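S.K.:
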Amino acid sequence: MVGAGSVLTYSIGGALVNRCGKKVVAGLCGVVSAGIIALLPMLGTGAAAVVAMVTAALSFTSLCGASLSSINVDLFPTSLRVMAMATFLMSGRLGTIAGTVIFPALIEYGCLPPFITIAAVLAACGFGCFLVPNTTLKKLE
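Following UniProt numbering, the numbering of the sequence shown begins with 1 at its first residue and continues without gaps.
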């Protein structure tokens with residue numbers, strides 16, 4: 001289900017990137033996935049609804065990450081591109097490790113804090129995407 005949702009999201013995202021730009025797609029996907037994740041605990045326990053919401057959240061989050069990777073490649077000149085991508089990917093791995101450590105501590109406070117924390121981080125990243133400079137058709141040095 002998640003794979004099918006991701007294929008659909010990437011197909012629509014590919015068309016939107018050409019129409020709206022990478023920055024807008026990354027920002028909107030981050031904000032939308034944050035909203036979906038914030039709504040997950042308030043959702044009923046119906047299996048179909050939970051699968052649909054989780055699939056949508058993961059699909060939008062992965063599209064946001066792919067758009068950010070593409071922005072990262074466009075943002076840096078060729079001589080710095082490998083180091084920029086390595087730093088970008090290392091930051092993602094460090095975030096995964098930090099989340100793995102922090103998530104159990106948040107679970108001790110209840111079910112809601114982990115969802116709110118993840119949604120807040122995704123929303124901050126989504127809104128932060130709009131602050132990235134536009135480098136479309138500009139020569140980088």
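All residues carry an ideal CB built from backbone N, CA and C; glycine is no exception. Just so it is clear, the structure is predicted and the values come from calculations on it, not from any experiment.
For the alpha helix (DSSP H) containing residue 83, name the first residue and the last one.
M.R.: First-last of the alpha helix (DSSP H) with residue 83: 78-107.
S.K.: Check whether the Cβ atoms of residue 61 and residue 122 sit closer than 8 angstroms, and answer yes or no.
M.R.: Yes, Cβ-Cβ distance for residue 61 and residue 122 is below 8 angstroms.
S.K.: Once the 5 residues before and after residue 17 are set aside, which same chain residues still bring their CB inside 6 angstroms of it?
M.R.: 25.
S.K.: Of all the options 57, 30 and 29, which has the alpha carbon lying nearest to the alpha carbon of residue 41?
M.R.: Cα-wise, what sits closest to residue 41 is 57.
S.K.: Tell whether a beta-carbon distance below 8 angstroms holds between residue 34 and residue 126.
M.R.: Cβ atoms of residue 34 and residue 126: closer than 8 angstroms.
S.K.: Among 52, 48, 97 and 7, which one has its Cα closest to the Cα of residue 66?
M.R.: Among 52, 48, 97 and 7, the Cα nearest to that of residue 66 belongs to 7.
S.K.: Alpha carbons only, please: which of 129, 131 and 120 is nearest the one belonging to residue 36?
M.R.: The shortest Cα separation from residue 36 among 129, 131 and 120 belongs to 120.
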